[in-house]
Every structure is written in structure tokens, then in C-alpha cells.
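Participant:
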Ligand SMILES: Cc1cc2nc3c(=O)[nH]c(=O)nc-3n(C[C@H](O)[C@H](O)[C@H](O)COP(=O)(O)OP(=O)(O)OC[C@H]3O[C@@H](n4cnc5c(N)ncnc54)[C@H](O)[C@@H]3O)c2cc1C
């Protein structure tokens with residue numbers, strides 16, 4: 003890899019060894035494994051190479067990257083983690099080397115509606131045009147953030163970067179709402195991607211915007227982020243309407259040898275869509291009919307009635323309302339005994355809370371925050 007840009011920081015810390023150990027353990031939890039070379043630890047992150055070393059009274063980090071954008075992202079990763087584990091003020095982290103001055107967060111794209119179509123009675127597909135989509139065109143990172151201006155704002159302001167590199171969002175009347183969606187299809191080469199929006203009751207900024215979307219409108223894009231399913235010999239893919247775009251995309255990319263089960267809850271039979279799955283996978287559709295989304299145990303019950311393969315080459319992926327996700331996650335871990343590398347259960351939304359409130363709310367009374375599970 004070419005590393006045309008380089009920057010480094012030396013942060014004075016009394017307990018640098020300890021801070022580095024915590025930081026590396028945290029990265030490992032997120033599947034970023036550092037390789038040791040003499041007294042340094044090297045991590046590959048979003049095309050940047052990051053090297054950490056602990057000295058007597060300081061922690062040193064160097065970032066090398068092929069572009070200004072990837073250098074910025076590596077630098078932000080180091081900045082946030084040293085701040086978190088070193089408990090130090092942002093001003094304590096000073097950089098030497100190549101300075102990158104970017105107007106906006108490098109992930110940000112302004113995207114324009116190219117076409118709108120109905121996938122079913124409760125789902126609309128929007129095709130967006132955008133430049134420079136290569137970072138979003140990945141099978142292992144299929145989620146994104148869509149950034150919505152307030153509906154009555156005709157000249158929206160978009161996120162910028164402050165002098166210290168931190169993203170800045172407009173406030174008050176010009177505030178932006180951010181919601182997580184799945185990139186259903188993408189062609190970076192042709193400069194378009196599609197998102198399937200559920201038009202749900204109690205509509206928030208995402209579903210409200212999708213219901214009125216017309217050609218030529220512009221919103222923002224950021225990301226991508228979040229883990230997704232790991233292909234395996236046997237798989238269970240399950241979820242409600244919000245997870246249908248992810249299930250369709252994951253399913254169509256699976257190798258033909260994969261066997262297993264797909265379980266999807268929608269409102270009515272008219273909400274079903276064709277799925278391109280390996281021939282050895284069966285599909286079970288569940289209909290909640292007149293029951294509001296997130297109020298039945300239909301999906302959770304069907305998942306718990308499924309015979310999970312005893313084979314080691316297996317993976318279970320579930321995207322669902324918070325309560326179902328909680329129940330299913332506990333069942334998979336405690337009753338079935340699946341390890342963290344064999345399953346991923348994500349709360350896609352939480353009944354009664356909007357996405358911002360969901361991320362701030364504890365998982366259980368007094369429990370963990372939801373943010374990291376929410377993917378992108
Ligand atoms: C990784 C990930 C990928 C996702 N991909 C998609 C996708 O491709 N398509 C998609 O449509 N959604 C997807 N979602 C779910 C979506 O982010 C949420 O449904 C989100 O709350 C929608 O934002 P909103 O502005 O419409 O509603 P919000 O402002 O967030 O919420 C307003 C109200 O609506 C309720 N609500 C939210 N979603 C639903 C629902 N489905 N049914 C009934 N009530 C609801 C909330 O509880 C709240 O009371 C995904 C979520 C995650 C975490």
C-alpha cells in the first residue's frame with residue numbers, strides 16, 4: 003500500500019503502557035487486531051496503517067495513509083481512542099507531519115434522488131446519484147447514515163470540520179437528523195445506490211422524507227459502518243421489514259453451497275419481495291396483519307422454534323425491533339450457546355423511541371448503552 007501521507011502524535015501520559023493495553027484490547031473487540039513488531043503495535047484501519055508504542059512517560063502514535071481522507075480517518079481513530087483511554091483533554095493530542103485541511107468529513111457525500119419506486123405497500127425504493135462512492139461499495143459494510151435537513155429548510159447547511167478536525171453540525175432550525183439505513187444495491191462505477199425505506203406508522207425524519215421523495219431532492223450520506231453477517235455453510239437470517247433490505251442483500255451474495263433458513267416478518271402477504279437465495283435455503287414469511295410493528299412475539303417465537311445447526315460452520319444474523327433483538331440475543335447465547343463469532347443480533351429500531359433516543363437509552367434498566375450495537 004502507498005502511504006503518501008504521514009502524521010504522528012506523542013501524548014504525555016503517566017501510565018502509557020496501561021492505556022495502550024486497554025486501547026489494543028478495545029480494538030480487538032472490534033476485530034482490529036494489532037500486530038507486534040519489536041516495541042510497536044501496528045493496526046490496519048480504513049486503508050491507514052497505524053503504529054502505537056508506549057514510552058516511559060508518553061504514548062506515541064503514527065498514521066500513514068494513501069490519501070488525505072484516509073489519513074484524516076486514521077488520525078480521528080487515534081484521537082478518539084487516546085482521549086477515551088488516556089482520559090486526556092483534546093488539546094493534549096498535538097500532531098506533527100502532514101497537515102490535512104478538509105472542508106467536510108471525508109465520508110460525507112451530497113446525494114441526489116434519481117428515481118423513486120414502490121417495492122410494496124409499505125416500502126419505497128429510492129435510487130440516489132452520488133460521486134466517489136467506492137468506500138460504500140463493500141459487501142462487508144452495507145449500512146450507511148442518511149442525513150436529513152428539516153422539511154421546511156430550502157437551503158440546508160451540511161456538516162463541516164472545525165479547526166481541530168472535529169465534525170460540526172448546524173443547529174436549531176437548520177439541524178440535521180441522522181438515521182441508519184442499508185445500502186440495498188450499489189454501483190460505485192456508475193455512481194448510484196439504492197435504499198429501501200419502510201413507511202412506518204409514527205413516521206420520523208427518515209420514513210417521512212421517503213414518503214414524499216421526488217427526483218432531484220438532495221440529502222446527505224455518511225458511513226459506511228457496522229458489522230454484517232459472515233457467510234457460513236449454514237445460516238439463519240431473520241428480521242422484520244426494516245431488515246428485509248439487508249437480508250435480501252446478504253442472501254444474494256452468499257455462496258451457492260450455503261444452506262439454512264430465512265425468517266421475515268412483514269405486515270401482509272403483499273409486502274413479500276422476491277429473494278435471490280442459494281437453493282438450499284428455505285424462506286418463512288410471517289404476517290403481523292393488523293398488529294402494530296414491534297408489538298407481537300411472532301418473529302422471536304419463530305426464531306426460537308428454528309433448529310440451529312450443530313455444525314461449527316454456522317452463522318445467525320438477526321435485525322429486529324429492540325425487544326425481539328434482546329430476547330433472541332439472550333436465547334442464542336444462553337440456550338443455543340453461540341459465541342460472538344457465530345451470531346450478530348442488531349436492534350434496528352425501538353418501539354416508542356426515535357433512533358437518537360434509542361442510542362442514548364440503556365439496553366436494560368441500568369444496562370449497557372445501545373450505540374455500538376446499532377451498527378453503522
Ligand atoms: C444497521 C441498520 C440498518 C437499517 N436499515 C434499514 C433499511 O434499509 N430500511 C429501513 O426502512 N429501516 C432500516 N433500519 C431501521 C431504521 O433506521 C429505523 O426504523 C429508524 O428509526 C427510522 O427512522 P425514522 O426517522 O423513520 O423514525 P424515528 O424518528 O427513528 O422514530 C420515530 C418513531 O417511529 C418508530 N419506528 C421506527 N421504526 C419503525 C418501524 N419500522 N415500524 C414502526 N415504528 C417504527 C420509533 O419507535 C419512534 O416511535 C436500519 C437500522 C439499522 C440499525
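Residue numbers (my numbering): 3 to 378. Note that the Cβ used here is the ideal one computed from N, Cα and C, for glycine as well.
#1: Residue 135 and residue 190: beta carbons closer than 7 Å?
#2: With a threshold of 6 Å (Cβ to nearest heavy atom), would residue 342 be considered close to ligand 1?
#3: Cα-Cα, which of 183, 340 and 123 is closest to residue 148?
#4: Check whether the Cβ of residue 184 sits closer than 6 Å to any heavy atom of ligand 2, and report yes or no.
#5: Across the stretch 318-331 and the stretch 344-356, are there enough close Cβ pairs to call them in contact, namely three or more that are closer than 8 Å?
#6: Who are the Cβ neighbours of residue 374 in its own chain at under 7 Å, not counting the five residues just before and after it?
#7: Any heavy atom of ligand 1 closer than 6 Å to the beta-carbon of residue 181?
#8: Please report how far the alpha carbon of residue 336 lies from the alpha carbon of residue 204, in whole angstroms.
#9: By a C-beta neighbour count over all protein chains shown, 10 Å radius and 16 as the cutoff for buried, is residue 75 buried or exposed?
#10: If you run the structure through DSSP and keep just helix, strand and coil, what is residue 318?
#11: Note down the Cα distance separating residue 48 from residue 361, rounded to an integer number of angstroms.
#12: Helix, strand or coil for residue 129 per DSSP?
#13: Do the stretch 99-118 and the stretch 127-147 meet, that is, are 3 or more Cβ pairs less than 8 Å apart?
#14: Rounded C-beta distance between residue 172 and residue 106? I'm assuming under 8 Å.
#15: Using the rule of at least 16 other Cβ atoms within 10 Å of the residue's Cβ for burial, across every protein chain shown, is residue 154 buried or exposed?
#16: Excluding five sequence neighbours on each side, which residues of the same chain lie with their C-beta closer than 8 Å to the C-beta of residue 137?
#17: Express the C-alpha separation of residue 357 and residue 376 in angstroms, rounding to a whole number.
#18: Any heavy atom of ligand 1 closer than 6 Å to the beta-carbon of residue 302?
Facilitator: So, to answer that:
#1: yes
#2: no
#3: 183
#4: Judged by which ligands are present, ligand 2 is missing from the structure shown, whose ligands are ligand 1.
#5: yes
#6: Only weak support is given to the placement of residue 374: the predicted model assigns it a pLDDT of 35, under 50, and the question is left unresolved by the model.
#7: yes
#8: 34 Å
#9: buried
#10: strand
#11: 24 Å
#12: strand
#13: yes
#14: About 12 Å; that fails the 8 Å criterion.
#15: exposed
#16: 109 and 226
#17: Any reading at residue 376 must be qualified, since the residue scores a pLDDT of 29, below 50, and its modelled position is unreliable; no value is offered.
#18: no
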